[in-house]
Every structure is written in structure tokens, then in C-alpha cells.
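Colleague: Take a look at this one; I'll ask things after.
Protein chains: 2
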Amino acid sequence: MDLPRFEDVREAAVRIRPLVHRTPVLTCATLDRRVGARLFFKCENFQKVGAFKFRGACNAVFSLDAAAAARGVATHSSGNHAQALALAARLRGIPAHIVMPENAPGVKREAVAGYGGRIRFCAPTLSAREAALEAMVAETGANFVHPYNDPRVIAGQGTAALELLEEAGDLDALVVPVGGGGLLSGTLLAARGLAPRARVWGVEPAGADDARRSLREGRIVPSVEPRTIADGLLTSLGEVTFAIISRDVEDIATASEEGIAAAMRLIWERMKIVIEPSAAVPLAALLEGTLNLGGLRVGVVLSGGNVDLARLPWSA
Amino acid sequence: MDLPRFEDVREAAVRIRPLVHRTPVLTCATLDRRVGARLFFKCENFQKVGAFKFRGACNAVFSLDAAAAARGVATHSSGNHAQALALAARLRGIPAHIVMPENAPGVKREAVAGYGGRIRFCAPTLSAREAALEAMVAETGANFVHPYNDPRVIAGQGTAALELLEEAGDLDALVVPVGGGGLLSGTLLAARGLAPRARVWGVEPAGADDARRSLREGRIVPSVEPRTIADGLLTSLGEVTFAIISRDVEDIATASEEGIAAAMRLIWERMKIVIEPSAAVPLAALLEGTLNLGGLRVGVVLSGGNVDLARLPWSA
């Protein structure tokens, strides 16, 4: 298997620079004190479509040659990746076909449609979703862009850590949430090239700890019935992300559900920014001490800010 | 009455520069589209203590000569000004005496105490508050710093607009919320000196429209039983703020309660930042059309981000 490399992240950065926001890196004295480390937060909640996913989708869409691009892109997703791919395709002026379960929340459908995505509904099962995608690709010739198990997507996600390392200078550690592993894989590639001394951790909810178990067992352990409010981190690793992560990662830590909600609230209250539960997972591990980086300079990627404001974890 | 001038704002900016955050100016394509104008948001929700109030308090505290400073500062407030004064005093190493009604919420007491403020409780009436303050000042010799009706405070608040005008370049209009009028007065002074062509509006809740009525009647109309979720905008104008506002302001517009809640939510959802209801009042007027600045370049001061996350206007 040909794994993406640091050079691919570098090329992605050049390719997508005119299209993405160069998001700010924020610091917070209160959080530094609580954790006992110096934290640098890369604010991908301010990214277009509200999540880092736009970087990978953009890199995939703008990597296509003209003939392939003309046939459009396709994916199965109801989350941030679907919106990201729809917007990236619109910017290139090509169609984006999105397979979505018929029970997907209205707000997600509207968001994808709002970015010009063409939605095809399917039954809410994995096999129906794959069949619908296959049929769509056969029919249109569209290029399938997987949400994370795709070297172009991984290289694009790595540009967030690239910018963070450029801006925050010498970091001892990088900590990012892990679901399918696209962000973590890209971060590992960026660090390998730009800051080989920095150690990189992934963090996932204790109720969705398949990446940690995969690392322990040396094979992809599927994510079965994950239970977490961090709804961006439900998926299993893919072959490409597993290969990179198991080669390069320091370790995968976990965070409790209470810890995730508390960390999310702390970031809202103290930093005055809106992040989604998944984005709070690294800070939760640092506060709970399941990951102890005391005294170090630590980069944290705040992965996204798409959250239902009427259903917050502390308003229940 | 000697009113503060543009030069006072300029001096305040130099004085407080090492102490305050130079907050970012953010833009949002979606909000521009909705309003039909180009909006530049000065993010004072990211200011220390979470509100622009820190600017005025800092300028007042650091304007004192050494002998006066040694006696400390005092105010009656249970809101952002009390926290701001407590932190400014701590930075100068002098005591801050805060008179607070005994029924003030625990979270506000803790915030003031957390910044080192010395709290004296009083009965929850205006006369008890004034008596307690007078007694405290007589006893300690502390310098009273009014939340808004003070030239040093007004000059300090004006530095937010000064930075906004420096950063956003040529603006046609500035729009800020108005409660006691400190922020609006300071903004008027800054604009007068730095952008005399720019027109300045204040906006207040329709349920607390005393500033608008004061302007109409040519005298300070007290704020009696204001009804609004914008709890930073309940107070009446003071003599100093009324004099500046009635001389220089373009007009005072109003916003409905539903409009304020909707504008607040829109900023959270689209800009991914946490603002308090008071900070949403200008955008509410622009969206409702009570203030029509179509086609213009408009600066908006987002006044603060201190909000009870467990009691949001849309979670009731």
C-alpha cells in the first residue's frame, strides 16, 4: 500500500491555500493553568463549513485532472465531510453526489443542499449505503472521495497541523481527536516532516475506543455500538489511516463522557468560542490526566464547531 | 462640564496597550449576505474578563497617581464592570472594593472574588447601594470609578473603536449597543477623531429604550422597569454620556427581544463564537431593518461574551 507522505501534505497546503481559511491559533491562560502545560489551539471550528474536513475534501477535489473532475465527486456521509465535499465541488464548478440515510436530520440535509450537493437517499444501513453509492458512481462516473481512508483527504487534513507548527513554533506534542483517523494520520505526516521531535497522540471517547484497541491488537478493531456525545468520532479506522497511525503515533488516550462535556463547556466559557463535542476530546484527556503532558508545549486541533445549539450536553 | 475628547481616547490607548488584549476583527460572508452590508465585528467577547468593560476600568485605574492609587478603587456593580475593576486593580497591585447587592448570583460574586475584589454586600435597593458605597469610600479613601459616567472610563471604552477603525480601514458606519452609554460615548469620540465621515448609531432593546427616548426628549429619561434578555443594557444614561451622545450620535435604534435572541444564535452558529445577548443587539437591528445600512461598510462592536450557558434564550 502506498501511504501518503509529508511531501503530499506540503503539496496539499499549496493547492488549497487560496480556498481554505488560515484559521487562528488561540491560547488561554486559564486552561494552561488547569492543565499545567502551554496549549496552542488550532481553531478549525472557524474553518469553512465549520470543520477541518474542508481541507481534505478540497485537496481531493482540486487534485483531480480536468477530465475526471468533469464527472464530479461522490461520497456517503451525513456529516461534516458531506458538506465539505459539496462546497469544494461547488468551488470547482463540478457536481457532488451525496448518499445519505433517509433518516438523516433535516439540518444536515439542508446544509448539504445549501452547498449545492445533490442528495440521494438510501435505507439507513451500511449495505444500502454502499449499494447506493456504487450505483451512483456506476451511473455518473463520479470520483468516490472517502471521508478519511483516502491519501488525498489525509494529506489535506495534515495542513491544519502544518499551519499550527508553522505558527506556534517548537512544540513538544500534538494532540488531536481520532474517529476514522484522517486528522490524526495527516497530523502524523505533518509532524514527521516539520517537527520530528514532537510526539503525537490521538484521543478518542472511552465509549468509542476502537482506535486504541486497534493499536493494542495490531489490527483494525471495528467500532461497534459506540456510545458518546462526540458524534464525529463514531467510525472505525480504515486501512490507510491504520497503517500510518500504527507506524507513527505515540499512543491513543481516551476521555470520559463527563470529561468531554466539561472540557467543551470550559472552552466555551473561557475561550468564548463554539466547538463541537468531538473537538473537546483532547482537552478532556489532558484535564482528566489520562494524558499527562505537564510542563510541555502542546498543540491541540479544535476539529470543528458544528453543534445543535438547542441540544447542548449541559442543558439536558 | 468638561467632556472627554479624542485625545483622551488616544492617551488611553497608549496607557492600556500592555494590559488589554488587542481583540481580532472578524467578518462573516453569511451575515454580510443577510444584512446586505459589509460587517466588521470587533470581538470584545475575547477581551480580558470577557467584555470591553476591562478597557475603561484599566484606563481609570492606571490614570491614578501613586498616592491616590494606594487608597484603592471602589464601585457598585454586580456585572462586568465589577470584574473588570477588580482585575485592573490587581494588575496595579491596589485594592478594589465592590459593593454588591446581597442577592447577586453566586457566579458573579465568585468571578469578582476570583479577580481579588473585596466584596461588601448591601440590601438590593439603589439607596442601600449608594449608602454602602459612600460609607466605604469615606472609610478607605478609595477612588470611586463609575461603570460609565466617568471620562476616564469613557476614554478607555473608546479604544475598542479606535482599534477597529485602524484595522478595518475606511468605515461608513459604526454600530454599538447602548446601556449606560459608556461604549457609545467612547466610540463617538474615537470616530470624531479618526473617521469624522463615519456615522455612529447606538442600538438598545425596545424593552429598554430609555436612551432613544432621552435623545427624543432632550433630557435623561430614566430606565424604569426595563424588560430584556440583554442584561448589560438595563441602566440609564449618565450626565457625561448623555452630553456626548446627544451632541454626536446619528440616532438610537431599537431591536426586539426575538430579534436579539435570533441574532445571538446566528452569531454563535455562523461565526462559532460565544457572545452575550447585549452584544447581539446591533446585529438584531440590522437584520430587522430598524437600522438600514445596506451597501455600507459597517463596524460592529461585539461588547462581551459572559453568558450563563445553562440558561440560553433558545433552550427555554
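Going down the list, the sequences are from chains A and B. If you number the first sequence the way the numbering used here does, the last residue is 350 and the count never jumps. If you number the second sequence the way the numbering used here does, the last residue is 350 and the count never jumps. Ideal Cβ placement from N, Cα and C applies to all residues, glycine included. This structure is a prediction, so every number in the text was calculated from the model and none was measured.
Going by DSSP in three states, M134 (chain A) sits in which element: helix, strand or coil?
Modeller: Here M134 (chain A) sits in strand by DSSP.
Colleague: For my contact list, V59 (chain B) and I307 (chain A) are in at a C-beta cut-off of 8 Å; report their separation, rounded to the angstrom.
Modeller: That belief does not hold up - the Cβ atoms of V59 (chain B) and I307 (chain A) are roughly 16 Å apart, past 8 Å.
Colleague: In chain B, which residues lie with their C-beta within 8 Å of the C-beta of I286 (chain A)?
Modeller: Chain B residues near I286 (chain A): none, gap ~27 Å exceeds 8 Å.
Colleague: Along the chain, where does the alpha helix (DSSP H) containing K142 (chain A) start, and where does it finish?
Modeller: K142 (chain A) -> alpha helix (DSSP H) spans G140 to G148.
Colleague: Taking CB distances under 9 Å as the criterion, tell me whether F155 (chain B) reaches chain D.
Modeller: Looking for chain D here will not work: the only protein chains present are A and B.
Colleague: Can you give me the C-alpha to C-alpha distance between L125 (chain B) and V95 (chain B), rounded to a whole angstrom?
Modeller: Between L125 (chain B) and V95 (chain B), the C-alpha separation is close to 9 Å.
Colleague: Decide if V258 (chain B) is buried, meaning its Cβ has at least 16 other Cβ atoms within 10 Å, or exposed.
Modeller: Label assigned to V258 (chain B): exposed.
Colleague: Within a Cβ cutoff of 8 Å, which residues of the same chain sit near P129 (chain B), ignoring the five residues on either side of it in sequence?
Modeller: If we look at P129 (chain B) and ignore the five residues flanking it on each side, its Cβ neighbours are G106, V107, A123, R152, T174 and A176.
Colleague: Would you say F80 (chain A) reaches chain B, if we count a Cβ-Cβ gap shorter than 9 Å as a contact?
Modeller: Output row for F80 (chain A): interface = yes.
Colleague: Let me know the secondary structure DSSP gives C62 (chain A) once reduced to three states.
Modeller: It is coil, neither helix nor strand.
Colleague: Is the Cβ of G220 (chain A) closer than 9 Å to any Cβ of chain B?
Modeller: It does not; no Cβ of chain B falls within 9 Å.
Colleague: Can you tell me whether DSSP reads A166 (chain A) as helix, strand or coil?
Modeller: Helix, per DSSP.
Colleague: Could you check if G215 (chain A) belongs to the surroundings of the ligand MN, using beta carbon to heavy atom distance under 8 Å?
Modeller: Inclusion of the ligand MN in the displayed structure is not the case, the ligand content being empty and no account of it being possible.
Colleague: Under DSSP, the beta strand (DSSP E) around D285 (chain A) begins and ends at which residues?
Modeller: Counting along the chain, the beta strand (DSSP E) containing D285 (chain A) begins and ends at D285 to A289.
Colleague: Enumerate in chain order the residues of its own chain whose CB-to-CB distance from R226 (chain A) is below 6 Å, with the five nearest sequence positions on each side excluded.
Modeller: So the list reads F40, once near-sequence residues are dropped.
Colleague: I307 (chain A) touches chain B at which residues, Cβ-Cβ below 7 Å?
Modeller: Result: K306, I307 and V308.
Colleague: When you compare the CB positions of V332 (chain A) and F80 (chain A), do they come within less than 9 Å of one another, or not?
Modeller: Not in contact: V332 (chain A) and F80 (chain A) (Cβ atoms no closer than 9 Å).
Colleague: Among all the DSSP beta bridges, which residues are the ones paired with R335 (chain B)?
Modeller: Position check: residue 335 (chain B) holds Val in this sequence, whereas Arg was assumed. Per DSSP, B:K76.
Colleague: Compile a chain-ordered list of the residues in the segment 175-208 of chain A whose CB is closer than 9 Å to at least one CB of chain B.
Modeller: So nothing in the stretch comes that close.
Colleague: Can you list, in chain order, the residues of the segment 261-294 of chain A whose Cβ is nearer than 7 Å to any Cβ on chain B?
Modeller: The segment 261-294 of chain A vs chain B, Cβ under 7 Å: nothing.
Colleague: Is the beta carbon of L217 (chain B) less than 9 Å from the beta carbon of P211 (chain B)?
Modeller: In this structure, P211 (chain B) lies closer than 9 Å to L217 (chain B) by Cβ.
Colleague: Between the segment 322-349 of chain A and chain B, which residues of the former have a C-beta closer than 8 Å to a C-beta of the latter?
Modeller: Within the segment 322-349 of chain A, the residues whose Cβ lies closer than 8 Å to some Cβ of chain B are G339, L343, A344, L346, W348 and S349, listed in chain order.
Colleague: Within 9 Å (strictly less), CB to CB, does R124 (chain B) reach chain A?
Modeller: Output row for R124 (chain B): interface = no.
Colleague: Counting only C-beta atoms, is G84 (chain A) closer than 9 Å to chain B at any point?
Modeller: With 9 Å as the cut-off, G84 (chain A) counts as an interface residue toward chain B.
Colleague: Going by Cα to Cα distance, which pick from B:C62, B:A63, B:H55 and B:T64 is closest to T61 (chain A)?
Modeller: Here the closest residue by C-alpha is B:H55.
Colleague: Quick check: the Cα distance between L223 (chain B) and L53 (chain B), rounded to an integer number of angstroms?
Modeller: Between L223 (chain B) and L53 (chain B), the C-alpha separation is close to 21 Å.
Colleague: In chain order, what residues of the same chain have a beta carbon less than 7 Å from the beta carbon of A78 (chain B), not counting five sequence neighbours either side?
Modeller: In the sequence as displayed, the identity of residue 78 (chain B) is Glu instead of Ala. The answer, listed in chain order, is T57, A85, F86, A194, V335, L336, S337 and G338.
Colleague: Measuring straight from C-alpha to C-alpha, what distance separates T434 (chain B) and N326 (chain B)?
Modeller: What is shown of chain B runs 35 to 350, which leaves residue 434 (chain B) out entirely.
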